[in-house]
Amino acid sequence: MNCEFCKSTDNLSNYEIPTIDKQSTEDILCCQICNEQLKDNSKIQPNHWRCLSDSMWSQNNATAMMSYVMLSKIKESWSEDLLNTLYLDEDIKKWGDSIISQTQEMPSPKDSNGVSLKTGDSISVIKDLEVKGAGFTVKRGTIVKNIYLNGNIEQIEGRVNGTRIVLLSKFIKKI
């Protein structure tokens, strides 16, 4: 038995992949090195994945799809070339795209000083801001506790005067 990707025979284990409906999983047999890099993007060693030039053509849909996912994560010219030659059925590509969207790291918004913000932080408003539709102005120096990141790197959400509002990150600073 070999690793589905690099063909290694050492330290083999199953890597579980959620199906697109997230009701079940598919398993791929892979070595410890591939398994660790599949689970943790920070451990990816691009040269280890040159083996994808073979595994991307696997008859096993899960292996071909995960080859697509890994090629998408590796930002090298050779991986882009392989992606351009890869053909997957539409449903397999959609499955891969769902895995990619789950694992992509979202950049966090930064305040006016370039400090990264996270959900639960407290911030201070650095400029008077008129809140459209709410009929009040958020004054400079207002403290907003327990902010919420809404997925937009230029905005955060928080409660001011009992109203949930969206604030632009360029008008706030972390405290």
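Mapped onto full-length UniProt numbering, the consecutive letters of the sequence shown carry residue numbers 1 to 175.
For every residue, glycine included, the Cβ atom is placed at its ideal position computed from N, Cα and C.
Asked	Found
Nearest-angstrom beta carbon gap, Ser112 and Ile99 [assumed within contact, 8 Å]	No, Ile99 and Ser112 are not in contact; Cβ-Cβ is about 36 Å, not under 8 Å.
Secondary structure of Phe5, DSSP reduced to three states	coil
Closest by C-alpha distance to Cys6, when choosing among Asn47, Ser169, Asn41	Asn47
C-beta atoms of Thr85 and Ile28 nearer than 8 Å	no
7 Å Cβ shell around Ser55 - same chain, five flanking residues per side excluded	Glu4, Phe5, Thr63, Ser67
Pro46 (DSSP reduced to helix, strand or coil)	helix
Reference Gly133, options Arg164, Cys34, Val144, Lys145, closest by Cα	Arg164
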